[in-house]
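Heads up: the structure comes next, in structure tokens.
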Amino acid sequence: MMTKIVKLGFALALVLGFAYLLEIYFASGDEQVRKLINFSYLYNFGFSALLLSNYIIFKKQLIEFIGFIFLAAGVIRIGLFYFLLQQGDFGDFKENFFLFFVPFILCLGVEILFLARELNRANFNNNN
């Protein structure tokens with residue numbers, strides 16, 4: 026179980042790390058934008074790592090509800106990010122939505138690939 030968590034965390038870090046370097050390279054020199062990029066990537070990595078490790082740990086108990094949990098987690102992730110942006114010193118969310126959207130989509134893609142693989146392997150008759 027721990028090796029699966031470590032492998033998934035490494036894959037997530039690799040994908041986000043590459044995208045982060047590209048986005049920082051092409052970002053404007055504005056310190057505010059760089060702060061938001063750093064926050065966005067750390068937030069999305071942390072949220073996805075926590076979510077995926079919980080999926081792995083509680084897979085047998087939650088296999089039939091993973092789709093609902095996935096949808097609820099997406100709504101919570103966006104809502105919590107919006108709330109934290111309002112509390113922080115990051116400016117208008119509408120102007121900076123793209124800076125959140127790139128790491129969000131990358132993390133979402135890793136989560137979807139992982140969950141699709143796990144659901145395809147699941148045996149719903151025996152609830153393994």
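The sequence shown finishes on residue 153 if you use this note's numbering, and the numbering steps up by one all the way, no holes. All C-beta atoms in this analysis are idealised placements derived from N, C-alpha and C, irrespective of residue type, glycine included.
- If the five residues before and after residue 109 are omitted, its C-beta is found closer than 6 angstroms to no C-beta atom of its own chain.
- With a 10 Å radius around the Cβ and a threshold of 16 neighbouring Cβ atoms, residue 31 comes out exposed.
- Just measuring C-alpha positions, the residue of 143, 131 and 125 sitting nearest residue 64 is 125.
- Around the beta carbon of residue 69, a 10 Å sphere encloses 16 or more other beta carbons of the protein chains shown; the residue is thus reported as buried.
- Leaving aside the five residues that flank residue 37 on each side, the residues in its chain whose CB is nearer than 8 angstroms to its CB run, in chain order, 70, 73, 74, 77, 132 and 135.
- Around the Cβ of residue 87, a 10 Å sphere holds fewer than 16 other Cβ atoms; the residue is exposed.
- Per the C-alpha coordinates, the member of 102, 100, 85 and 61 positioned closest to residue 45 is 61.
- DSSP places residue 52 in the coil class of the three-state scheme, outside both helix and strand.
- Taking the Cα of residue 43 as reference, the smallest distance to any Cα among 66, 91 and 27 is reached at 66.
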